[in-house]
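Undergrad: Sequential numbering from 17 applies to the sequence shown in this note's numbering.
Got a structure for you, written out below as structure tokens; questions coming shortly.
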Amino acid sequence: MSTPTTVVAGKAVGFHYILTVQTAAGDVLTVSSVATFDPAVFSRSQAYQEIRAIAADELGHGRFSVLFFSLEPEQF
């Protein structure tokens, strides 16, 4: 599943992310897309929280365990 998100403040940089979560019921969800963040304003942990919120929106709740998280600059 791919869900785009944009959080921009100042000079934005694209980051590709992948987040896989699992609920207590065993449901697994992976979100993957490109998010735009300003590294001067957003920390990695803030970006993680924004991306985690996307998974919570997809599931309709935030009660899950994160199985995998990757955040890398979009360009090579």
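Note that CB positions come from ideal geometry on N, CA and C, so glycine has one too.
In its own chain, which residues sit with a C-beta less than 6 Å from the C-beta of Ser81, not counting the 5 before and 5 after it?
TA: Position 65 of the sequence shown, counted from the start, is the residue given in the question as residue 81. Only Gln38 meet the Cβ criterion.
Undergrad: How would you label Val50, buried or exposed, when you count the other beta carbons within 10 angstroms and need 16 or more for buried?
TA: Here residue 50 refers to the residue found at position 34 when the sequence shown is read from its first residue. So Val50 counts as exposed.
Undergrad: Comparing alpha-carbon positions, which option in Leu35, Asp43, Thr52 and Ser48 lies nearest Val29?
TA: Sequence index remark: in the sequence shown, residue 29 carries index 13 (1-based). When only C-alpha atoms are compared, the closest one is Thr52.
Undergrad: Check each candidate in Leu83, Gly42 and Phe92 and name the one with the smallest Cα separation from Leu35.
TA: Looking up residue 35 in the sequence shown gives position 19. For Leu35, the nearest C-alpha among the options comes from Leu83.
Undergrad: Using 8 Å for Cβ pairs, my map puts Glu74 next to Phe31. What's the rounded Cβ distance?
TA: Translated into positions along the sequence shown, residue 74 becomes position 58. Translated into positions along the sequence shown, residue 31 becomes position 15. That pair is no contact at about 19 Å.
Undergrad: Excluding five sequence neighbours on each side, which residues of the same chain lie with their C-beta closer than 8 Å to the C-beta of Ser18?
TA: On the sequence shown, position 2 is the one that residue 18 refers to. Any answer about Ser18 is weak, because its pLDDT of 45 lies below 50 and its placement is not dependable; what the coordinates show is given next. Closer than 8 Å at Cβ, skipping near neighbours: Val47, Ser48 and Ser49.
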